[in-house]
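Visitor:
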Amino acid sequence: MNATTLRLILGDQLNAAHSWFSKIDDSVVYLVAELRQETDYVRHHVQKVSAFFLAMASFADRLKADGHRVMHLTLDDTCDFSDLPSLITHHASALGITSFEYQLPDEYRLRQQLAGFTLDGIDISSCSSEHFLVPDDEIKDYFPAGKRLRMENFYRKMRVRYDILMAGGEPQGGSWNYDAANRNKLKKSDISALPVPLVFTNDATAVLDRLQAHGVSIFGTAMPDLPWPIDEAQAEDLLSFFCEVCLPQFGTFQDAMTCQSKHAWSLYHSRLSFAINAKILHPMRVIEAAITAYEQQPHIDIAQAEGFVRQILGWREFVRGIYWANMPGYASTNGLEAERDLPGFFWTGETKMLCLQSVITQSLDTAYAHHIQRLMVTGNFSLLAGIHPDQVDEWYLGIYVDALEWVEMPNTRGMSQFADDGLLASKPYAASANYMNKMSDYCASCHYNAKGKTQEDDCPFNSLYWAFMEKHRDKLANNPRIGMVYRNWDKQDEAQKAAVLDRAEYCLNNLDKL
1363 MNATTLRLIL GDQLNAAHSW FSKIDDSVVY LVAELRQETD YVRHHVQKVS AFFLAMASFA
1423 DRLKADGHRV MHLTLDDTCD FSDLPSLITH HASALGITSF EYQLPDEYRL RQQLAGFTLD
1483 GIDISSCSSE HFLVPDDEIK DYFPAGKRLR MENFYRKMRV RYDILMAGGE PQGGSWNYDA
1543 ANRNKLKKSD ISALPVPLVF TNDATAVLDR LQAHGVSIFG TAMPDLPWPI DEAQAEDLLS
1603 FFCEVCLPQF GTFQDAMTCQ SKHAWSLYHS RLSFAINAKI LHPMRVIEAA ITAYEQQPHI
1663 DIAQAEGFVR QILGWREFVR GIYWANMPGY ASTNGLEAER DLPGFFWTGE TKMLCLQSVI
1723 TQSLDTAYAH HIQRLMVTGN FSLLAGIHPD QVDEWYLGIY VDALEWVEMP NTRGMSQFAD
1783 DGLLASKPYA ASANYMNKMS DYCASCHYNA KGKTQEDDCP FNSLYWAFME KHRDKLANNP
1843 RIGMVYRNWD KQDEAQKAAV LDRAEYCLNN LDKL
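Position one of the sequence shown corresponds to residue 1363 (the numbering used here), numbered consecutively onward.
1. Can you give, in chain order, each stretch of the alpha helix (DSSP H) that sits fully within the region 1780-1848 and has at least 4 residues?
2. Closest to Ala1829 by CA distance: which of Glu1867, Ala1417, Tyr1810 and Gln1611 is it?
3. Between Leu1449 and Arg1398, how many whole angstroms is the CB-CB distance? I'm expecting something under 8 Å.
4. Just checking my contact of Ile1459 with Thr1367 at CB under 8 Å: how many whole Å lie between their CB atoms?
5. By the DSSP assignment, the beta strand (DSSP E) with Glu1463 in it spans what residues?
6. If you count every other CB in all the chains shown that lies within 10 Å of the CB of Asp1803, and 16 or more means buried, which is it?
7. Starting from Leu1570, trace the alpha helix (DSSP H) both ways and give me its first and last residue.
8. Tell me the rounded alpha-carbon separation between Leu1698 and Asp1864.
9. Please go through the region 1512-1559 and give each complete alpha helix (DSSP H) segment of 4 or more residues, from N-terminal end onward.
10. When burial is assigned at 16 or more other CB atoms within 10 Å of the CB, is Gly1429 buried or exposed?
11. Thinking C-beta only, is Tyr1685 closer than 7 Å to Pro1772?
12. What is the DSSP secondary structure of Ser1490, reduced to helix, strand or coil?
13. For Asn1696 and Met1418, I'd like the C-alpha separation in whole angstroms.
14. Is Phe1636 near Asp1468, with beta carbons less than 7 Å apart?
15. Straight-line CA distance for Ser1455 to Thr1583?
16. Given a threshold of 16 other Cβ atoms within 10 Å of its Cβ, counted over all protein chains shown, does Asp1755 qualify as buried or as exposed?
17. Could you check which residue in His1661, Lys1624 and Ile1642 has the C-alpha nearest to that of Gly1613?
18. How is Val1561 classed by DSSP in three states: helix, strand or coil?
19. Does DSSP put Ala1665 in a helix, in a strand, or in coil?
20. How many Å lie between Ile1531 and Phe1670 at the Cα?
21. For the beta strand (DSSP E) that Thr1367 lies in, which residues bound it at each end?
22. What span of residues does the alpha helix (DSSP H) with Tyr1504 cover, start to end?
23. Tell me where the alpha helix (DSSP H) around Ala1652 begins and ends.
24. Once you ignore the five residues that flank His1834 on each side, which residues in its own chain have a CB closer than 7 Å to its CB?
25. Determine which residues share a DSSP beta bridge with Ala1395 and list them.
26. Taking only the alpha-carbon atoms, compute the straight-line gap between Glu1606 and Gly1535 and give it to the nearest angstrom.
27. Taking just the CA atoms, how far does Ala1427 sit from Gln1753?
28. In whole angstroms, what separates the C-alpha of Ser1491 from that of Thr1774?
29. Would you mind stating whether Ile1734 and Asp1617 have Cβ atoms separated by less than 7 Å?
30. Does the region 1562-1576 come within contact of the region 1621-1641, defined as at least 3 CB pairs closer than 8 Å?
31. Met1418 lies in the alpha helix (DSSP H); which residues open and close that run?
32. Is the CB-CB distance between Leu1737 and Ser1794 below 7 Å?
33. What are the boundary residues of the alpha helix (DSSP H) that Gly1676 is part of?
34. Do the CB positions of Val1681 and Val1769 come within less than 7 Å of each other?
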């Protein structure tokens, strides 16, 4: 089938409202392709690959149903092509096209690959994905390269720009941020009242068969009935469920963790991140739905709505800006000079530390963990243990269904590992078992004692925390958010401090045995 124009649709560009699709043009062919280049650049969770492949197939079917010409290629069709350029070159020739068009990729490696791509005698052009709330050409205005920035300042600018939760130029309720009201621990009565999560039953059997047939290296629990939303209708259903069922308690318990419920993996979180990051849902659609629910349902207070809006309008756009303002150098930052290998239990969940055991097992089973589990459990441990940020990056990028480099890397390398020397976060998010005990019920049933620091059965987080703070004292002591920590440490008996550091040294030398 000859055509004039070939347009590429990547797996995270499933935006049916894009201007490309505003009219039917028989001279345009859309290319949607599963490719080993994308399954192999990092080892992925099987549910992540399944979700993207099913969503791509569903999107291709939708475009066909709307009257567009679409080439949807599976691994069976693309296995002979080494990479994306070779695939495009082949089909450009076969179709006899005169122009090739693509939406700007949101991952640096893909944008560079396509920016350097040429086709003899064929015009190549790119356009916006029409998804983000800070356009590409404005990133430099909000995010000067190499400058330390704070999300709160950016978030306020975005609130004003889009008139979100504003009243007469001031924030609704009189405050920009209700984070202080969003830090409640789940009590037993709260745990028994947790909602049953909405999940889907998308048939992934054919995808799983293809992954096996082509020898794709994957990990995690395979789900023949994939629970993640793969099209706009399912994503809208999940959005409605969140606004009706979860949003009323979202802010209150957004930092809480529990291992005492089969619904512990979902709690009151929206679980919309995959649908948003694949561009099945536009972020403003999600924000407006949450605000409408807040305005129409008296039992939803502003702390719930603001806490959710802050994640989408504030944090999501902020980490993207940090990423693009500082790449490619950002990908190699290692400000704390962390060099250890990721422990083997990150791939199995087999550790006596119940918080890590629970979160890692959940992640392997569901390809999901909420932001506090990622930051304060697996991320906190990796920070305290000095795991090389390259390995931490690869694990987070591979294991989570919503992980794309533009959002994963700043969250991991910046927020979680403080490897960027504070470009993103004002301090390292390091914590002892006290934090876990405060925000979860993990410690109550754990093999380790959450209070002790020096004995064999004392929680490794405690000694690792103090060893981390002592090791990086020169870098952190003058941080106004940390100074009190050192004053408390300095008041302790020298023998006690030595015992704590000895315990930490044992833990660091025996990470896989913890």
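Built from N, CA and C at the ideal position, the CB exists for glycine as well.
Nothing here was measured: the structure is a model prediction, and the numbers come from that model.
Guide: If we stick to the structure as given:
1. Counting only runs of at least 4 residues, the region 1780-1848 fully encloses the following alpha helix (DSSP H) elements, listed from N- to C-terminal order: 1795-1801, 1822-1833 and 1835-1838.
2. It is Glu1867.
3. Not confirmed; about 10 Å, so no contact.
4. About 6 Å; that satisfies the 8 Å criterion.
5. For Glu1463, the enclosing beta strand (DSSP E) has its first and last residue at Ser1461 to Gln1465.
6. Answer is buried; the Cβ neighbour count reaches 16.
7. Thr1567 to Ala1575 is the extent of the alpha helix (DSSP H) around Leu1570.
8. Roughly 21 Å separates the two Cα atoms.
9. Along the region 1512-1559, the alpha helix (DSSP H) occurs as fully enclosed runs of 4 or more residues at 1513-1524 and 1550-1554, listed in sequence order.
10. Gly1429 comes out exposed.
11. Tyr1685 is positioned such that its CB atom lies closer than 7 Å to that of Pro1772.
12. In the three-state reduction of the DSSP assignment, Ser1490 falls in the coil class, being assigned neither a helical nor a strand state.
13. C-alpha separation (whole angstroms): 35 Å.
14. For Phe1636 and Asp1468, no; Cβs fall outside 7 Å.
15. The alpha-carbon atoms of Ser1455 and Thr1583 are separated by roughly 40 Å.
16. With 16 or more other Cβ atoms from the protein chains shown falling within 10 Å of its own Cβ, Asp1755 counts as buried.
17. Nearest to Gly1613 by C-alpha distance, out of His1661, Lys1624 and Ile1642, is His1661.
18. Note: Val1561 maps to coil in three-state DSSP.
19. In the three-state reduction of the DSSP assignment, Ala1665 falls in the helix class.
20. A small correction: the amino acid at residue 1531 is Gly; Ile does not occupy that position in the sequence shown. Using only the alpha carbons, I get a separation of about 21 Å.
21. In the DSSP assignment, Thr1367 falls within the beta strand (DSSP E) that extends over Thr1367 to Ile1371.
22. Run containing Tyr1504: Ile1501 to Tyr1504, per the alpha helix (DSSP H) assignment.
23. Run containing Ala1652: Pro1645 to Gln1658, per the alpha helix (DSSP H) assignment.
24. Counting only residues of its own chain and dropping the five nearest sequence neighbours on each side, His1834 has a CB closer than 7 Å to the CB of Leu1698.
25. Residue pairing by DSSP places Ala1395 opposite Leu1435 in a beta bridge.
26. Each residue's alpha carbon lies about 22 Å from the other.
27. Gln1753 and Ala1427 have their C-alpha atoms roughly 43 Å apart.
28. So the alpha carbons of these two residues sit roughly 24 Å apart.
29. Yes, they are a contact pair.
30. In short, these stretches do not touch, since the Cβ pair count stays below three.
31. Note, Met1418: alpha helix (DSSP H), Val1408 to Ala1427.
32. No.
33. According to the DSSP assignment, Gly1676 belongs to no alpha helix (DSSP H), since it is labelled neither H nor E.
34. Cβ distance < 7 Å, so Val1681 and Val1769 count as in contact.
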